[in-house]
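Asker: Before I ask anything, here is the structure I am working with.
Protein chains: 2
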Amino acid sequence: MDFEQADALNQAIRLLSLRHRARAAALLAPLGLHPGQEALLLELARTGPAIQSQLSEALGCEPPSVTLMTRKLEAGGHIRRRPAPSDRRASIVELTDSGRALADQVKHLWCALAEETVAGLPAETVAELPGILTTLTGNVDTRRSRRLQGDSAV
Amino acid sequence: MDFEQADALNQAIRLLSLRHRARAAALLAPLGLHPGQEALLLELARTGPAIQSQLSEALGCEPPSVTLMTRKLEAGGHIRRRPAPSDRRASIVELTDSGRALADQVKHLWCALAEETVAGLPAETVAELPGILTTLTGNVDTRRSRRLQGDSAV
DNA sequence: ACAGATCAGTTATGCGCATAACTATTATCC
DNA sequence: GGATAATAGTTATGCGCATAACTGATCTGT
Numbered sequence: 001m002d003f004e005q006a007d008a009l010n011q012a013i014r015l016l017s018l019r020h021r022a023r024a025a026a027l028l029a030p031l032g033l034h035p036g037q038e039a040l041l042l043e044l045a046r047t048g049p050a051i052q053s054q055l056s057e058a059l060g061c062e063p064p065s066v067t068l069m070t071r072k073l074e075a076g077g078h079i080r081r082r083p084a085p086s087d088r089r090a091s092i093v094e095l096t097d098s099g100r101a102l103a104d105q106v107k108h109l110w111c112a113l114a115e116e117t118v119a120g121l122p123a124e125t126v127a128e129l130p131g132i133l134t135t136l137t138g139n140v141d142t143r144r145s146r147r148l149q150g151d152s153a154v
Numbered sequence: 001m002d003f004e005q006a007d008a009l010n011q012a013i014r015l016l017s018l019r020h021r022a023r024a025a026a027l028l029a030p031l032g033l034h035p036g037q038e039a040l041l042l043e044l045a046r047t048g049p050a051i052q053s054q055l056s057e058a059l060g061c062e063p064p065s066v067t068l069m070t071r072k073l074e075a076g077g078h079i080r081r082r083p084a085p086s087d088r089r090a091s092i093v094e095l096t097d098s099g100r101a102l103a104d105q106v107k108h109l110w111c112a113l114a115e116e117t118v119a120g121l122p123a124e125t126v127a128e129l130p131g132i133l134t135t136l137t138g139n140v141d142t143r144r145s146r147r148l149q150g151d152s153a154v
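Which chain is which? The protein sequence lines are A and B, in order.
First residue of the first sequence: 1, per full-length UniProt numbering; consecutive thereafter.
First residue of the second sequence: 1, per full-length UniProt numbering; consecutive thereafter.
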């Protein structure tokens, strides 16, 4: 691949990151959320209570980030933490009623954002887009390869 | 669009952002660069000396970010700043010899990253990917709409 | 020609996410 | 069963990028 094409692709990904995040921030701000927090709420809404290491895995971010996210959402009254009965190291995180209501609002925003994002693209392209993006992500996912290395090393 | 699809898309964009940036960071680290700085070097390599507001526009980030980026790259000896002769407010930013050499290295990394990113995708998909991503970016670009509003208001 | 608006750039501050280093608990293996 | 390794989580710190508020220079309109 020549540099022109490579740069077009890398730059496009970089700009999409910045703009999509900025747009998400603008939409989430009225709910009192910052981007990143919505992912935690949606994950809890999807799978129910979870410990932080599971959230870290699901959200694709590191444990210290989860610590901060949970702390802020807890301060906002949207989630609750309680000790895990079977493991005194772990905390179980779950939605409060307020958090569930907030998650529902986020879902609507999320649909609006997705529709806004793919406006003007043929339906066929839109349909295959998540798969393409997931492939790209997998190709550069040092987290996954790190974990596989760890697994195989055992 | 239902929530499942919307979430798949938004989540895919979010994860791609995190992972692509992380991978870029890993590749750039040996050169002593942090992600974001490479874009400035490449822009200067592409278009020659420019003032910071042009860089801000080209990189899609805000002026304070450019201030910090230029300061760090200047401290590293990769760029140089001199006052613009025709406008005493502006600084002209340009590559040093070291910066030009570094930009060439970055170009190679950039090609490698792009190839790694699109591995396993059909060539046809790869060819239209930059266009698709640019469309997505345009759809959520609050910067552009902000600027257009400003223009039309005059 | 001069007052007011616009523009280039900086400083201060805040958020998200990362890594490194640490504590406390649990699992493993001789 | 007791040393050792692995795991859950936290704190400290640093980077990128954002907004808000500011200074100084340039442009505009009357």
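Quick reminder that beta carbons are idealized off the backbone N, C-alpha and C, glycines included.
A quick note: this is a predicted structure, and the numbers were derived from the prediction, not measured.
Residues of chain A with CB closer than 8 Å to the CB of Q5/B, please, in chain order.
Answerer: By one-based count along the second sequence, residue 5/B stands at place 5. By Cβ distance, chain A contributes A114 and P130.
Asker: Please list, in chain order, the residues of the region 81-103 of chain B that have any C-beta partner in chain A closer than 9 Å.
Answerer: Answer in chain order: no residues at all.
Asker: Would T96/B and R80/B be called neighbours here (beta carbons separated by less than 9 Å)?
Answerer: Counted from its first residue, the second sequence places residue 96/B at position 96. Counted from its first residue, the second sequence places residue 80/B at position 80. Against a cut-off of 9 Å, the Cβ pair of R80/B and T96/B comes out as a contact.
Asker: Since H78/A contacts G48/A with CB under 8 Å, what's their CB separation in whole angstroms?
Answerer: Within the first sequence, residue 78/A is the residue found at index 78, counting from 1. Within the first sequence, residue 48/A is the residue found at index 48, counting from 1. Not confirmed; about 15 Å, so no contact.
Asker: Could you check what DSSP says for D97/B in three-state terms: helix, strand or coil?
Answerer: Here residue 97/B refers to the residue found at position 97 of the second sequence. Helix, per DSSP.
Asker: Leaving out five residues before and five after E116/A in sequence, what residues of the same chain have Cβ atoms less than 8 Å from its Cβ?
Answerer: Stepping through the first sequence from its first residue, residue 116/A is reached at position 116. Hits under 8 Å: R23.
Asker: What separation, rounded to the nearest whole angstrom, lies between the Cα atoms of R144/A and R89/B?
Answerer: Residue mapping note: residue 144/A aligns to position 144 of the first sequence, counting from 1. Residue mapping note: residue 89/B aligns to position 89 of the second sequence, counting from 1. Cα to Cα, R144/A sits roughly 48 Å from R89/B.
Asker: Are there 16 or more other CB atoms within 10 angstroms of the CB of P122/B, so buried, or fewer, so exposed?
Answerer: Taking the first residue of the second sequence as position 1, residue 122/B is located at position 122. Exposed: under 16 other Cβ atoms inside 10 Å.
Asker: For D141/A, count neighbouring C-beta atoms within 10 Å of its own C-beta (all shown protein chains included) and say buried if the count is 16 or more, exposed if not.
Answerer: As a first step, residue 141/A is located in the first sequence; it is residue number 141 there, counting from the start. That one is buried.
Asker: According to the Cβ coordinates, are M1/A and A45/B closer than 9 Å?
Answerer: Looking up residue 1/A in the first sequence gives position 1. Looking up residue 45/B in the second sequence gives position 45. No; because the gap between Cβ atoms is not below 9 Å, this pair is not in contact.
Asker: What is the rounded straight-line gap between the Cα of H20/A and the Cα of A8/A?
Answerer: Here residue 20/A refers to the residue found at position 20 of the first sequence. Here residue 8/A refers to the residue found at position 8 of the first sequence. About 18 Å.
Asker: Any idea what DSSP makes of P122/B, helix, strand or coil?
Answerer: Numbered from its first residue, the second sequence carries residue 122/B at position 122. DSSP places P122/B in coil when its eight states are reduced to three.
Asker: Would you mind telling me which residues of chain A sit closer than 8 Å to L18/B, beta carbon to beta carbon, in chain order?
Answerer: For the purposes of this step, residue 18/B is taken as the residue at position 18 of the second sequence. Here the neighbours are G60 and C61.
Asker: So is G48/A in contact with chain B if we call contact Cβ pairs under 9 Å?
Answerer: Start at 1 with the first residue of the first sequence, and residue 48/A comes out as number 48. So no, G48/A is outside the interface.
Asker: Quick one: which residues of the region 28-44 of chain B get their C-beta closer than 7 Å to a C-beta of chain A? List them in chain order.
Answerer: Correct list: A39 and L42.
Asker: Going by C-alpha distance, which of G36/A, L102/A and I51/A is nearest E94/A?
Answerer: Taking the first residue of the first sequence as position 1, residue 94/A is located at position 94. Checked all of G36/A, L102/A and I51/A; the closest Cα to E94/A is I51/A.
Asker: Does K107/A come within less than 9 Å of chain B when only Cβ atoms are used?
Answerer: The count along the first sequence starts at 1 and reaches residue 107/A at position 107. Closer than 9 Å: yes.
Asker: Determine, using beta carbons only, whether V154/B comes closer than 9 Å to chain A.
Answerer: On the second sequence, residue 154/B is found 154 positions in, with the first residue counted as 1. Summary for V154/B: the model assigns pLDDT 31, below 50, so the residue's position carries little reliability, and this model does not support an answer.
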